[in-house]
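Peer 1: Below you'll find the structure I mean.
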Amino acid sequence: MRHSTFAPVRVAIAALAAAAVAHASNQVFVVGPVAGPGIDFTNVQSAINAAANGDIVLLRSGTYAATGASQITISGKGLTLVADAGQTVNFSSPMVISNVGAGQMACVRRISVSSSDEGPALSVFNNAGSVWIENGTFAATSTFFPFLPTGPGIQASNCADLKICRAILNGATIPTGAGGGYEGIAASGSNVCLYDTQCTGGNGGNGANVFVGGDGARINGGFCFASGCTFKGGKGGNGAAAGSSGPFSPCTNGSAGGNGLHLVGTSPSAATLACTFTPGVGGNAGTGGACVAGPSGVNVKVDAGSHSPLGGAAHSLDCSATCREGQFFLLTFKGVPGELAFIDYSGTQGFTYFPDFKGVLALGFPLFTLFQGTIPGGGTLTKTSATINDLGLGVEGVTLYLQAGFFDPSTGAIFQGSHSATALLDSSL
Numbered sequence: 118m119r120h121s122t123f124a125p126v127r128v129a130i131a132a133l134a135a136a137a138v139a140h141a142s143n144q145v146f147v148v149g150p151v152a153g154p155g156i157d158f159t160n161v162q163s164a165i166n167a168a169a170n171g172d173i174v175l176l177r178s179g180t181y182a183a184t185g186a187s188q189i190t191i192s193g194k195g196l197t198l199v200a201d202a203g204q205t206v207n208f209s210s211p212m213v214i215s216n217v218g219a220g221q222m223a224c225v226r227r228i229s230v231s232s233s234d235e236g237p238a239l240s241v242f243n244n245a246g247s248v249w250i251e252n253g254t255f256a257a258t259s260t261f262f263p264f265l266p267t268g269p270g271i272q273a274s275n276c277a278d279l280k281i282c283r284a285i286l287n288g289a290t291i292p293t294g295a296g297g298g299y300e301g302i303a304a305s306g307s308n309v310c311l312y313d314t315q316c317t318g319g320n321g322g323n324g325a326n327v328f329v330g331g332d333g334a335r336i337n338g339g340f341c342f343a344s345g346c347t348f349k350g351g352k353g354g355n356g357a358a359a360g361s362s363g364p365f366s367p368c369t370n371g372s373a374g375g376n377g378l379h380l381v382g383t384s385p386s387a388a389t390l391a392c393t394f395t396p397g398v399g400g401n402a403g404t405g406g407a408c409v410a411g412p413s414g415v416n417v418k419v420d421a422g423s424h425s426p427l428g429g430a431a432h433s434l435d436c437s438a439t440c441r442e443g444q445f446f447l448l449t450f451k452g453v454p455g456e457l458a459f460i461d462y463s464g465t466q467g468f469t470y471f472p473d474f475k476g477v478l479a480l481g482f483p484l485f486t487l488f489q490g491t492i493p494g495g496g497t498l499t500k501t502s503a504t505i506n507d508l509g510l511g512v513e514g515v516t517l518y519l520q521a522g523f524f525d526p527s528t529g530a531i532f533q534g535s536h537s538a539t540a541l542l543d544s545s546l
């Protein structure tokens, strides 16, 4: 059920919290790099293990690694993992989100993962429930040991509902002669939406055995919607010079650059709005013979399925990641001047593609809609919520899911903008 109203610009907190109450988190676990007052854990995995479905793990500034395992893992439950306001949080170990069940919701916001360990920076797989990624860099980097496989920035498989917003996804660049570059994101058999996200493939390895650059995004089956994103293929590996592998070894050709967006496998479907595609350049030819440079990739390569480019402008929303009782949070809308901006909010996530609205509704039902104002000439409208009131007895935090909608009064067109999540917290935290 969807409720609409024209309300004052400052939204009453009772209305804001209503959608989240049914999914209120009873506990918030605070993680910091050093033990002390107000810190529940110094280890992220310990906090995740202690959290129940629907809880919040709140992180202070620091670089965190997995202990006792090679990965930081959320499995079999939904929870919110968020860096507090003004804090910078990095994971130096890869991260996994798996087996989130139907009706469960995982949310990761303002956390970056940069890992040279084996595999992708973030693996998301076998999730019947919802996964929400917002404001983070996920970079798989080359290891000092050239034959240890790394991976894409994000690798997703068998996910019913994966939403990524304002993220940077970098596939691994491969050392000399060790393999092809990896994708910014590689998704298989999944429903994925990307808003305002950069997807960059890694460079292929150089040398006698040259390898192709990674694709910005590689979609194998499933569905992908992207708005306001950039897709860039990695550079192809350079060929080797004659004599580099022995006195009689010939030169080798350069390898092909990666593609911006690449559709493969079993009938994938992709729709893109206001996206930029840049193919990776081919690798240089090896010298000392008649070798040639590799070809560049292409903007969008469709080996299977279909790609539907959509006309129009991207629309977006960005909200404060955390807000405590007694405070307010900011909402920033970006659209076309003259459009009317609305805020949708809910206590649940969802994934419904509306072709007519050129976007994916990232919220579940019931959801509520409030008018916010008219987009000014500069294209950006900033609003504040009302002061957050007490969340209720025994409630330390709730996660509120929000999304922007836009209406063009001159044409009657409706546009679905990007989404953003805010963790509402008890004032004692």
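Numbering follows the working numbering, in which position 28 of the sequence shown is assigned residue number 145; successive positions increment by one, without gaps.
A virtual CB, placed ideally from N, CA and C, is assigned to each residue, including glycine.
1) So what does DSSP say about Ile165, is it helix, strand or coil?
2) CB Ala431 to CB Ser535, shorter than 9 Å?
3) For Lys194 and Gly494, I'd like the C-alpha separation in whole angstroms.
4) Can you tell me whether Pro426 is helix, strand or coil according to DSSP?
5) Ala516 and Thr501: beta carbons closer than 9 Å?
6) Nearest to Gly363 by CA position, among Leu390, Gly324 and Pro385, is which residue?
7) Taking C-alpha atoms, which residue in Leu542, Ala358, Gly296 and Leu498 lies nearest to Arg441?
8) Note down, in chain order, each residue of its chain lying with its Cβ closer than 6 Å to the Cβ of Asn244, except the 5 sequence neighbours on either side.
9) Which whole-angstrom value describes the C-beta separation of Val241 and Arg227, a residue pair presumed to lie in contact below a C-beta threshold of 8 Å?
10) What do you get for Asp420, buried or exposed, if any count of 16 or more other CB atoms within 10 angstroms of its CB means buried?
11) Between which two residues does the beta strand (DSSP E) containing Gly253 stretch?
12) By DSSP, does Asp461 sit in helix, in strand, or in coil?
13) Just to confirm the assignment, what range does the beta strand (DSSP E) spanning Tyr470 have?
14) Does the beta carbon of Phe532 come closer than 9 Å to any beta carbon on chain D?
15) Helix, strand or coil: how does DSSP classify Phe474 here?
16) Go to Lys280, then tell me how far its beta strand (DSSP E) extends in each direction, as first and last residue.
17) In this structure, how does DSSP classify Gly436 when only helix, strand and coil are distinguished?
18) Grab me the residues of Thr389's own chain with a C-beta within less than 6 Å of its C-beta, minus the 5 sequence neighbours each way, in chain order.
Peer 2: Put simply:
1) Your numbering for residue 165 matches position 48 in the sequence shown. Note: Ile165 maps to helix in three-state DSSP.
2) The residue labelled residue 431 in the question sits at position 314 within the sequence shown. The residue labelled residue 535 in the question sits at position 418 within the sequence shown. Taking C-beta atoms as the reference points, Ala431 and Ser535 count as a pair closer than 9 Å.
3) Locating residue 194 in the sequence shown gives position 77, where the first residue counts as 1. Locating residue 494 in the sequence shown gives position 377, where the first residue counts as 1. Roughly 44 Å separates the two Cα atoms.
4) Against the sequence shown, residue 426 aligns to sequence position 309. Pro426 falls in the strand class under three-state DSSP.
5) Taking the sequence shown and counting its residues from 1, the one referred to as residue 516 is at position 399. Taking the sequence shown and counting its residues from 1, the one referred to as residue 501 is at position 384. Correcting the residue type first, residue 516 is Thr in the shown sequence and not Ala. Cβ atoms of Thr516 and Thr501: not closer than 9 Å.
6) As a first step, residue 363 is located in the sequence shown; it is residue number 246 there, counting from the start. Considering only alpha carbons, the answer is Gly324.
7) The residue given as residue 441 occupies position 324 in the sequence shown. Nearest C-alpha to Arg441: Leu542.
8) As a position in the sequence shown, residue 244 is number 127, starting the count at 1. Apart from sequence neighbours up to five positions away, the residues of its chain that approach Asn244 with a beta-carbon distance below 6 Å are Val217 and Cys276, ordered along the chain.
9) Numbered from 1 along the sequence shown, position 124 holds the residue referred to as residue 241. Numbered from 1 along the sequence shown, position 110 holds the residue referred to as residue 227. Not confirmed; about 18 Å, so no contact.
10) Mapped onto the sequence shown, residue 420 falls at position 303. Around the beta carbon of Asp420, fewer than 16 other beta carbons lie within 10 angstroms, which makes this residue exposed.
11) Position 136 of the sequence shown holds residue 253. Gly253 -> beta strand (DSSP E) spans Leu239 to Ala257.
12) Start at 1 with the first residue of the sequence shown, and residue 461 comes out as number 344. Strand at Asp461.
13) For the purposes of this step, residue 470 is taken as the residue at position 353 of the sequence shown. Counting along the chain, the beta strand (DSSP E) containing Tyr470 begins and ends at Gln466 to Phe471.
14) No chain D appears in this structure, which consists of one protein chain only.
15) As a working mapping, residue 474 is identified with position 357 in the sequence shown. Phe474: helix per DSSP, three-state reduction.
16) On the sequence shown, residue 280 is found 163 positions in, with the first residue counted as 1. It spans Ile271 to Asn287 - the beta strand (DSSP E) in which Lys280 sits, taken as one unbroken run.
17) Position 319 of the sequence shown, counted from the first residue, corresponds to residue 436. Strictly speaking, residue 436 in this sequence is Cys, with Gly absent from that position. If DSSP states are grouped into helix, strand and coil, Cys436 belongs with the strands.
18) Stepping through the sequence shown from its first residue, residue 389 is reached at position 272. If we look at Thr389 and ignore the five residues flanking it on each side, its Cβ neighbours are Ala343 and Pro426.
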